[in-house]
Every structure is written in C-alpha cells, then in structure tokens.
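In the numbering used here, the protein residues as written are 88 to 423.
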Amino acid sequence: MRKFLITFLVLSLILFSSLGFSAKTIRVGIVYDVGGRGDKSFNDAAYNGLQRAIRVLKVEGKDLEPGPGGANREELLRTLAEQNYDLVIGVGFLFTDAIMAVAKDFPKVKFAIVDGVIEGLPNVSSLVFNEHEGSFLVGVIAGLMTKSNIIGFVGGMDIPLIHKFEVGYKAGALYVNPKVKVLINYIGVTGDAFKDPVKGKELALAQYKQGADIIYHASGASGEGVFEAAKETKKYAIGVDSPQSWIMPDRIITSMLKRVDVAVYETIKDVKEGKFKPGIRVFGAANGGVDYEKTKLLPLGVISKVEQVKKDIILGKIVVPYDGKTFEQFKAKYLK
88 MRKFLITFLV LSLILFSSLG FSAKTIRVGI VYDVGGRGDK SFNDAAYNGL
138 QRAIRVLKVE GKDLEPGPGG ANREELLRTL AEQNYDLVIG VGFLFTDAIM
188 AVAKDFPKVK FAIVDGVIEG LPNVSSLVFN EHEGSFLVGV IAGLMTKSNI
238 IGFVGGMDIP LIHKFEVGYK AGALYVNPKV KVLINYIGVT GDAFKDPVKG
288 KELALAQYKQ GADIIYHASG ASGEGVFEAA KETKKYAIGV DSPQSWIMPD
338 RIITSMLKRV DVAVYETIKD VKEGKFKPGI RVFGAANGGV DYEKTKLLPL
388 GVISKVEQVK KDIILGKIVV PYDGKTFEQF KAKYLK
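In structure tokens:
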C-alpha cells in the first residue's frame, strides 16, 4: 500500500508538471516611453498587452513611467531587474542603450525592447514592426477619400523610424491616386516631440489651411493636437498605433494599427511557456502585426480596395518602401 501511494504521488507530480501547473508566478515589469500611459496610442497599446497577460496568463505585472525626458530609463530597468522580475520590457527605441547595459549586468533576467534592435545578447528580444506596411494601407484610404487631392502627415520625432510611417503613407496614397500631394511636417528632434499636442495642432492647422483634407499623424500624444485641428476645421484625421476613432468618431476615419499589445502579450506568453527566444522578431501585415482600423466613415468600396492591397502586400505583389531609396524604387516600379 505504501509503495502504491508513493507511486501515485510521483505520477501526480509528473502529470501536474506536464500540464504546466507551477507554484511560480511569472513577474513582468514594463517601463513606458516618453508620454507614458494615457497617450491613447503607443504606450497604451503596451499597457493593454500587459493587462491581457495579467488577465489571461495570470502573470504578475508592474508598470513604471520615466521622469521628464526619460533620463531615468536605466535606473527603472535596473530596479525591476534587481527585484528579480522574470521579464523586463522597455517600450520604445530610446531604451536601446539602457537595456544593453542592464541586460549585461543581469544575464538571468529576460528583456524585451519595443522598436529597438539589440543583437548578440542571449537574454534580449527585439520587437520590431513593419510600420511602413500599415502606413501604406492608411495611405490608400487617404488617397481614395481625399476630395482636394492634398493630404498631410505630421510626424513626431524626425528620425528613420518615423520616416517609415511617412514613406509608407505617401506610397500608399500615390499607388491609388497619382495626383495626390502630400504635405509633411515633423514636430521636433527629441523625445519630447511625442508629447507636444500644441505643436501638433499648430502644424495640422497649417496643413489644413494649405488645402489638406486628411492628415495622418505618427506622433504619440502630440496627435491629440492633430485631432483638435481636424475638429476645428471640420476636416479629417488618421490615428496611429491603437484604434483612435473613439476619440473623435466623426473626424478620425481610420487608424494605423501597430499591434504593440500583441507583441507584448506574445513575448510574455513565450516566457511563461519557456519559449523565450532572443534576437529580432518582426510584426508585419503577414502576421497581423500591423493593420488598419475599420470605422463607420469608411465606405465599403474603400474597405474592399484596402483588403485587396493588404493581400497583395502579404503575397509580395506590392513591396512597400520604408526610406528615400526604396521610395524611388517603388515609384519606378509602380508609378509609371
């Protein structure tokens, strides 16, 4: 009888282990980008991914916001690592140097960076996106729906990452409407460009005054100013990162969905399941990493066209440009 009980207990432990039952709760810490939670965009998408993981995967989560200008990024990352969090996530490319430094000091802690690329460290996963593909889709929408043949783009920080949004948008609009003119402005050259709605509104008003009737913003919390300008002028805007039409349903025709929430959730899930992989992980149109928001303002004919374009991107029939050089190649191939 004693031997039977011992055998039963051993088999029970093996069964519970194989089913994933564990006394250890995975602990996840997130440090947000400039602008923090409540930006209704990039950071909020990361927050939503963490909350989904807490709800579905039953992990423990903690989120922190950097101080002015993000000067204490490394300090916050280091605090989470010192507290033995299983996964520490930095939201935004500005975390690149800080995560590199902290990850080297805490090799047993897993790290992930959103929008940054860190290679060569066995405990760091880089979560990057084909923003140009999603921007191409909303560019198609703007190109089809503009009545003035003038549309605008307001970027946050003037850097290559945000140029991907601009170039993809411009290419998408021209792909369906070769007559369209695209006005382009950037808010600034520092991280504060993502939290300056006053400047965002100023630039948007200027573009609307020049004839633009639709403006796409890729500027984080600064985009709230773009939306205010759309409301004042009774024209239209396109949101970014998260579904933003709820903010102003009669003025925001769509949003470019950059599924930071999915990237964060999937990374947490990998850690929980023991499948964490270092290196670069790309989220694009093919795997649902970027998309567009369907709203009541989009005609069925426009949605049908965008869906066909999305399919062509996934199949490789359309190669979306992401910088100046590839944009010239795109024009030569598709805009003859």
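C-beta atoms are modelled at their ideal positions from N, C-alpha and C, and glycine is treated no differently.
In the same chain as Asn-236, and ignoring 5 residues on each side of it, the C-beta atoms closer than 6 angstroms to its own belong to Lys-266 and Val-267, in chain order. Within the DSSP bridge table, the entry for Ile-176 names Ile-117 and Ala-199 as partners.
The three-state reading of DSSP puts Asn-374 in helix, counting H, G and I together. Beta-bridge partners assigned by DSSP to Val-369: Val-215. C-alpha of Ala-308 to C-alpha of Ser-128: approximately 7 angstroms in a straight line.
Gly-298 sits in coil when the DSSP states are folded into three classes, being neither helix nor strand. By the 16-neighbour rule on beta-carbons within 10 angstroms, Gly-371 is buried. The residue from Ile-238, Asp-184, Phe-180 and Val-189 with its alpha-carbon nearest to that of Leu-174 is Val-189. By the CB criterion at 9 angstroms, Gly-136 and Tyr-352 fall inside the cutoff. With contact defined as three or more Cβ pairs closer than 8 angstroms, the stretch 222-239 and the stretch 389-400 are in contact. Linking Ala-317 to Leu-231 through their CA atoms gives a straight-line distance of about 18 angstroms.
Every unbroken stretch of the beta strand (DSSP E) spanning 3 or more residues and falling wholly within the stretch 117-165 is given here in chain order: 147-151.
A Cβ-Cβ distance of about 4 angstroms is found for the pair His-219 and Tyr-409, placing them in contact under the 8 angstroms criterion. Annotated three-state conformation of Asp-328 is strand, per DSSP.
For Asn-272, the beta-bridge partners assigned by DSSP are Val-241. Taking Thr-413 as reference, the option from Val-347, Leu-181 and His-250 with the minimal CA-CA separation is His-250.
In this structure, the CA atom of Pro-247 is about 30 angstroms from the CA atom of Lys-356. Linking Val-377 to Gln-138 through their CA atoms gives a straight-line distance of about 20 angstroms. In the three-state reduction of the DSSP assignment, Ile-339 falls in the strand class.
Contact check for Val-269 and Lys-257: beta-carbon distance about 5 angstroms, within the 8 angstroms limit, so the pair qualifies. Under the 10 Å beta carbon count, Thr-233 is surrounded by 16 or more other beta carbons and is classified as buried. Judged by beta-carbon spacing, Tyr-172 lies within the 9 angstroms limit of Lys-149, meaning their Cβ atoms are closer than that value. Under the Cβ criterion (8 angstroms, minimum of three pairs), the stretch 333-353 counts as touching the stretch 115-132. Under the three-state reduction of DSSP output, Lys-282 falls in the helix class. The beta carbon of Tyr-273 sits closer than 6 angstroms to the beta carbons of Gly-242 and Asp-245 from its chain, once the five residues preceding and following it are set aside; these are given in chain order. Under the three-state reduction of DSSP, Lys-345 is assigned to strand. Under the three-state reduction of DSSP output, Tyr-323 falls in the strand class.
Relative to Phe-180, the option among Glu-147, Pro-209, Phe-281 and Lys-111 whose CA is nearest is Phe-281.
Between Val-201 and Ala-305, the CB-CB gap reaches or exceeds 9 angstroms. Ile-113 and Lys-404 have their C-alpha atoms spaced approximately 42 angstroms apart.
Cβ-Cβ separation between Gly-177 and Leu-164: approximately 6 angstroms, consistent with a contact (criterion under 8 angstroms).
In this structure Gly-278 is buried. Its beta-carbon is surrounded by 16 or more other beta-carbon atoms within 10 angstroms. Nearest neighbour of Ile-186 by Cα position, chosen from Gly-116, Val-254 and Gly-255, turns out to be Gly-116.
Of Val-118, Gln-170, Ala-132 and Trp-333, the smallest CA-CA separation from Leu-151 is found for Val-118. Annotation: Glu-360 to Thr-354 spans about 10 angstroms, alpha carbon to alpha carbon.
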